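One structure is given here, and the rest of the page talks about it.
2 protein chains.
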Amino acid sequence: MSPTRIALIGIGKIARDQHVPTLAASLDFELVAGVTQHTPPERVPGFATIGEMMAAMPEVQAVSICTPPRGRLAIVAEALAHGLDVMIEKPPAATLCEAESFTELAREAGRVFYATWHSREAAAVEPARAWLKGRTIHRVAVNWKEDVRVWHPGQEWIWEPGIGVFDPGINALSVITHILPRAFMLERAELRFPANRAAPIAADLAFVDTSGVPIDVDFDFDQRGPQTWDIEVETDQGHLKLSMGASRMAIDGVAVEVGEEPEYTRLYRHFARLLANRQSDADLTPFRLVADAFLLGRRTEVQPFDWNG
Amino acid sequence: MSPTRIALIGIGKIARDQHVPTLAASLDFELVAGVTQHTPPERVPGFATIGEMMAAMPEVQAVSICTPPRGRLAIVAEALAHGLDVMIEKPPAATLCEAESFTELAREAGRVFYATWHSREAAAVEPARAWLKGRTIHRVAVNWKEDVRVWHPGQEWIWEPGIGVFDPGINALSVITHILPRAFMLERAELRFPANRAAPIAADLAFVDTSGVPIDVDFDFDQRGPQTWDIEVETDQGHLKLSMGASRMAIDGVAVEVGEEPEYTRLYRHFARLLANRQSDADLTPFRLVADAFLLGRRTEVQPFDWNG
């Protein structure tokens, strides 16, 4: 099959760091255009809107949307109106109702829609899911702790309401919603807001699955020293540990070989498969869990945040 | 058709005020049992659990769940496991993920599931929906303002996280999501929290529909003097006003006759129709809009709340 002619919508940090190089190396896709207010990548024609792009290049078949979550409804609607298949960076939207509407719009338009979760494509995720199948889970612990000053230096948008520590945290939620065998629900949450910011810098979340298994989640955006992106699952037949954002896996302390394939390589391969089968994949569960944390979470105020603190 | 044999699960204030008298007057239902920690209504046998009820009275066909939203998952799962059809009081659950799971469980069990919104059954709702059809809407304003001290005297549960002014407010959202022709999304929100409570006492919500029509919503739980439950819609062909919780309707200031049928009479008639057609009705949109308000809302602290203030 010839590669799908794809355009990137929104060419900021994540597009340049991940999408552009991944598409350059892909046999499934050809990056043919960009819609951006910035400079497009070299040798890729840039346009101000999807409409202008489609007028000039009606051969574009799909778009990958990497704009910030705010304001995506108009972009998704325009892409679908032009008959394009659509994938979107995480998180899917600024609000749940908006995210739900994408699925509805794509179904009405008869197009493929893929709400991506890049951490679900980390190398250890499928091996972990397979290993857990058939085992009895006793408890789950998630520790996702990083220093926002290192990973998002000066990016003030991260403190918009609804984001904060859930920007990395939703990655952990996207992994555990995929590897664990049963749905789980929030029991209680504590969200810690810096006195001078509108989003939490830390969160403690207590979930329980439909069989009563406790899932304790600890998110921290103010972690100095070693950074931690770990998921541990205690079962009747051993202890599973995922580390480094689910790119490493160990059973009872012994490392398991899971390969080194990058997340975005797998992400675009999954999109290619969805396109081949004319299927959509739009699991909003991680986003719903975040909304539940804001809905049910008790808030405490902590010391003011300082980028240079 | 002979009436459906129904049981009430959770017999507190709302069950006694509305469900028991409505069922007593219904030709579609016969109230045959109650599951409650309190005293059941006169001549209605009471049980501690659904399991005990079904062991003693396997003829029960459906349940109406009026327990608080917290802890409903186990109740809904038990009812479905016994082959019962299910309706639930608003709000559907404590969290969105829990509410979503009900629909899934009911579909798997092949039972009818009805997530009720009693305000959608107010007398003016269907006439308003019909009148709006085909008209061009310019803007919508909702003012839902009541005194929590009058309507929920001493009920401290109303200040649990996720509730507060959204307990009445979700009724207004259930009406506008039904009468307006297009989906709408939250643009921004301000939530006002009393310094000594974990839920908002007031909220300003700015929505916009998929055609760009602004919908401004003002919720207040600290309203002294006249109480207000109004929805106004400005159109190209006149001004619609719903008042008294959508039980009254006026066009350009002139009252329109809409009848006096009580909300819960229509609610149970709708459940009877769903049972006859073996259909479910589980629109979670009002609950999603509330979660979006908590997700996206900026919080301000206001003076401490005092029941005797």
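Read top to bottom, the protein sequences are chains A and B.
Under my numbering, the first residue of the first sequence carries the number 1, and numbering increases by one thereafter.
Under my numbering, the first residue of the second sequence carries the number 1, and numbering increases by one thereafter.
For each residue, glycine too, the CB sits at the ideal point set by N, CA and C.
Here the structure is a predicted model, which means the values were calculated and not measured.
Contact residues within the region 142-175 of chain A, judged by C-beta distance below 8 Å to chain B: P161, G162
Kindly indicate if chain B contains any beta-carbon less than 7 Å away from that of C66 of chain A. no
Name the one or two DSSP bridge partners that G34 of chain B has. B:L8, B:G46
When you compare the region 96-103 of chain A with the region 218-229 of chain A, are there three or more beta-carbon pairs, one atom per stretch, that lie closer than 8 Å? no
Between the region 289-309 of chain A and the region 38-49 of chain B, can you find at least three pairs of beta-carbon atoms closer than 8 Å? no
Is there a Cβ from chain B that is less than 7 Å from the Cβ of E190 of chain A? no
Just confirm the distance between the C-beta atoms of P58 of chain B and F29 of chain B, as a whole number of angstroms; I'd bet it's less than 8 Å. In fact, because the Cβ distance is near 18 Å, the residues do not count as touching under 8 Å.
Can you tell me whether I14 of chain A is helix, strand or coil according to DSSP? helix
What does DSSP give as the partner residue(s) for F113 of chain B in the beta ladder? B:V86
Taking the alpha helix (DSSP H) that W131 of chain B belongs to, which residues open and close that run? 125-132
What are the residues that DSSP puts in a beta bridge with S243 of chain B? B:R248
Compare the C-beta of D218 of chain A against all C-beta atoms of chain B and say whether one is closer than 7 Å. no
Starting from the beta carbon of E261 of chain B, find every residue of chain A whose beta carbon is closer than 9 Å, and list them in chain order. By Cβ distance, chain A contributes nothing, its closest Cβ being about 31 Å from E261 of chain B, past 9 Å.
Is the separation between the beta-carbon of G10 of chain A and that of T67 of chain A shorter than 7 Å? yes
In chain order, what residues of the same chain have a beta carbon less than 8 Å from the beta carbon of G83 of chain B, not counting five sequence neighbours either side? A109, R111
Collapsed DSSP secondary structure at H229 of chain A in the structure displayed: Contrary to the premise, residue 229 of chain A reads as Trp rather than His in this sequence. Correct three-state label for W229 of chain A: strand.
Does the Cβ of D167 of chain A have 16 or more other Cβ atoms within 10 Å, making it buried, or fewer, making it exposed? buried
Looking at the C-beta of S101 of chain A, does it have a partner C-beta in chain B at a distance below 7 Å? yes
At 7 Å on the CB atoms, spell out the chain B contacts of A94 of chain A, in chain order. L296
Is the distance from the Cβ of P194 of chain B to the Cβ of P45 of chain B below 7 Å? no
Is the shortest distance between the beta-carbon of A183 of chain B and the beta-carbons of chain A less than 7 Å? yes
Which residue marks the beginning of the alpha helix (DSSP H) containing R76 of chain B, and which one marks its end? Position check: residue 76 of chain B holds Val in this sequence, whereas Arg was assumed. 72-81 is the extent of the alpha helix (DSSP H) around V76 of chain B.
Cβ-based neighbour list, F271 of chain A, same chain, cut-off 6 Å, excluding 5 preceding and 5 following: M87, Y114
Beta carbon proximity, R288 of chain A to chain B, threshold 7 Å: yes
DSSP state of G238 of chain B mapped onto helix, strand, coil: strand
With which residues is D218 of chain A paired in a DSSP beta bridge? A:N143, A:D204
Any contact of the region 203-211 of chain B with the region 113-128 of chain A, i.e. 3+ C-beta pairs under 8 Å? no
Contacting residues, own chain, Cβ-Cβ under 8 Å from D147 of chain A (five flanking each side not counted): F221, D222, Q223, R224, Q227
Exposed or buried, A199 of chain A, counting other C-beta atoms within 10 Å across all chains shown (16 or more means buried)? buried
Counting beta carbon pairs with one atom in the region 184-192 of chain A and one in the region 239-257 of chain A, are three or more of them shorter than 8 Å? no
Would you say E98 of chain A faces chain B, with C-beta separation under 7 Å as the test? yes
Roughly how many whole angstroms lie between the Cα atoms of E301 of chain B and R192 of chain B? 6 Å
Could you tell me which chain A residues have their CB closer than 8 Å to the CB of L73 of chain B, listed as they occur along the chain? M185, T210
Roughly how many angstroms lie between the CA atoms of E257 of chain B and A25 of chain B, to the nearest whole one? 24 Å
Let me know the secondary structure DSSP gives M57 of chain B once reduced to three states. coil
DSSP state of I158 of chain A mapped onto helix, strand, coil: helix
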